[in-house]
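Protein chains: 2
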Amino acid sequence: MKGIVDPERIVSIGYVVRDIEASSRRLAAMLGSEVPQPVSSGEASVTHVEYMGAAAPEAVCRMAFFRMGSVKLELIEPNEAPSVWRDFLERRGEGVIEIAFMSDDADAVVADAEKRGMRLLQKGIFRGGNGRYAYIDTLDEIGFYIEVLEMFKENR
Amino acid sequence: MKGIVDPERIVSIGYVVRDIEASSRRLAAMLGSEVPQPVSSGEASVTHVEYMGAAAPEAVCRMAFFRMGSVKLELIEPNEAPSVWRDFLERRGEGVIEIAFMSDDADAVVADAEKRGMRLLQKGIFRGGNGRYAYIDTLDEIGFYIEVLEMFKENR
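Right, here's the structure in full:
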């Protein structure tokens with residue numbers, strides 16, 4: 027049976043933390059990596075975040091990326107506003123929130139997931155406007171969210 | 027600074043579950059994968075598991091592997107005997123327990139980690155006797171264990 031995402035197109039593993047500077051320093055020491063500079067998920071005017079079906083312009087996180095072979099470990103520090111990131115941190119504490127997979131059409135993936143009874147939890151545009159993401163609510167089912175990514179055609 | 031492992035040599039992400047058949051079915055549906063047949067970590071006469079510095083011949087888990095690009099997601103269902111897997115499940119519940127990296131010399135990695143103040147938590151030989159593994163106690167530091175793998179020379 028067809029899945030909702032293609033496992034061969036894994037991009038990253040998202041890990042929610044409380045203090046991204048401290049977590050980045052500790053992880054960098056283990057991996058012998060440079061300590062990455064955190065970047066903001068971006069301005070609401072670009073990102074158009076929707077959480078639980080409503081505009082969530084306050085929902086922002088900071089992210090730091092560690093390359094591990096062909097995948098990235100992505101540390102995510104949410105701000106206080108409600109979001110998929112904040113909600114995970116409050117309910118579960120620090121930990122793996124999502125595994126992200128590239129797709130050619132995020133809307134089609136979301137529509138397929140909804141047909142199978144799964145909800146779209148959060149969506150938005152990447153900082154810089156290069157593509158979009160969508161969190162499918164698979165947490166209770168498999169223990170983490172499936173995040174679907176799509177690069178806009180001009181950026182592929 | 028040198029890390030304790032090389033992030034480019036990531037092999038797998040380990041995920042502890044209570045019911046490997048049920049978790050495998052749910053994850054396979056998401057990924058469009060076949061439902062993998064769980065395999066035992068193996069007989070004590072081969073695996074020589076040591077947990078917290080003592081022989082742990084009763085410590086066994088069942089594992090199921092999902093290929094995701096160049097890494098594997100490894101579901102792990104521990105038995106009731108004390109082990110790094112059982113202890114994680116009891117203290118934290120289901121979730122990502124480890125990220126595993128290949129090395130040329132697991133003993134050297136463990137010695138280096140110990141010099142930096144980290145403990146070896148569990149070690150053993152793979153089922154089939156092709157190589158060894160060691161869990162370094164990095165859980166409090168970075169939220170998951172670093173697992174070091176080494177294939178024996180004749181199996182590389």
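So the protein lines, in turn, are chains A and B. Counted from 1, the first sequence has number 150 at position 124 by my numbering; the numbering is strictly sequential. Counted from 1, the second sequence has number 47 at position 21 by my numbering; the numbering is strictly sequential. The C-beta atom is built at its ideal place from N, Cα and C for all residues, glycine as well.
- Assignment of A/P104 by DSSP, reduced to helix, strand and coil, places it in the strand class.
- Under DSSP, the beta-bridge partners assigned to A/L99 are A/I39 and A/F92.
- If you check each beta-carbon in the region 89–114 of chain A against every beta-carbon of chain B, the ones closer than 7 Å belong to F92, R93, M94, G95, S96 and V97.
- Within 7 Å of the CB of A/K141, no CB atom of chain B is found; the nearest one sits about 13 Å away.
- With respect to A/R44, A/E120 sits close: the two C-beta atoms are nearer than 8 Å.
- For A/V61, same chain residues with a beta-carbon under 6 Å away, outside a window of 5 residues either side, are S50, R51 and A54 in chain order.
- With a cutoff of 8 Å on beta-carbon distance, B/R88 and B/I46 are scored as near each other.
- Sorting B/P64, B/G79, B/P83 and B/Q63 by C-alpha distance to the C-alpha of B/S71 places B/P83 at the top.
- Inclusion of A/G40 and A/A126 in the CB contact set at 8 Å is warranted, their separation being smaller than that value.
- The residues V75, Y77, A107 and S109, in chain order, have a CB closer than 6 Å to that of A/A85 in the same chain once the five nearest residues on each side in sequence are set aside.
- Pairing B/F114 with B/V42 gives a Cβ-Cβ distance under 8 Å.
- As computed with DSSP, A/S66 is found in a beta bridge with A/R88.
- Of all C-beta pairs linking the region 129–144 of chain B to the region 162–178 of chain A, fewer than three are shorter than 8 Å, placing the two stretches out of contact.
- Distance from the Cα of A/F178 is smallest, within the candidate group A/R158, A/I168 and A/M94, for A/R158.
- Under a criterion of Cβ atoms nearer than 7 Å, the residues of chain A adjacent to B/R52 are, in order, E167 and I168.
- Below the 9 Å Cβ cutoff, chain A contributes M56, L57 and G58 as neighbours of B/V31, in chain order.
- The bridge partners DSSP lists for B/L147 come to none.
- For A/I172, the neighbours in chain B by C-beta distance under 7 Å run, in chain order, M56.
- Taking CB atoms only, B/Y41 has a neighbour in chain A less than 8 Å away.
- Shortest Cα-Cα distance from B/A48 to any of A/A80, A/N181, A/I168 and A/V97 involves A/I168.
- A direct Cα-Cα distance of roughly 5 Å separates A/M27 from B/G58.
- Listed in chain order, the positions of the region 120–145 of chain B with a beta carbon within less than 7 Å of a beta carbon of chain A are E120, G121 and V122.
- Rounded to the nearest angstrom, the Cβ distance from A/I123 to B/M56 is 15 Å, too far for a contact under 8 Å.
- In this structure, B/S129 lies near B/E176, with their beta-carbon atoms less than 8 Å apart.
- The same chain holds no residue with a CB closer than 6 Å to that of A/G154 once the five nearest residues on each side in sequence are set aside.
- Assigned with DSSP and collapsed to three states, A/F170 falls in coil, not helix or strand.
- When DSSP states are grouped into helix, strand and coil, B/V135 belongs to the helix group.
- Annotated as proximal: A/A132 and A/V174, with beta-carbon spacing under 8 Å.
- By the CB criterion at 8 Å, A/T73 and A/G150 fall inside the cutoff.
- Residue environment: B/Q63 is assigned as exposed (fewer than 16 neighbouring CB atoms within 10 Å of its CB, all protein chains considered).
- Interface with chain A (8 Å Cβ-Cβ cutoff): B/E47 is excluded.
- Take B/Q148, set aside five residues on each side of it, and the residues of its chain with a beta-carbon closer than 6 Å to its own are Y77, V110 and Y161, in chain order.
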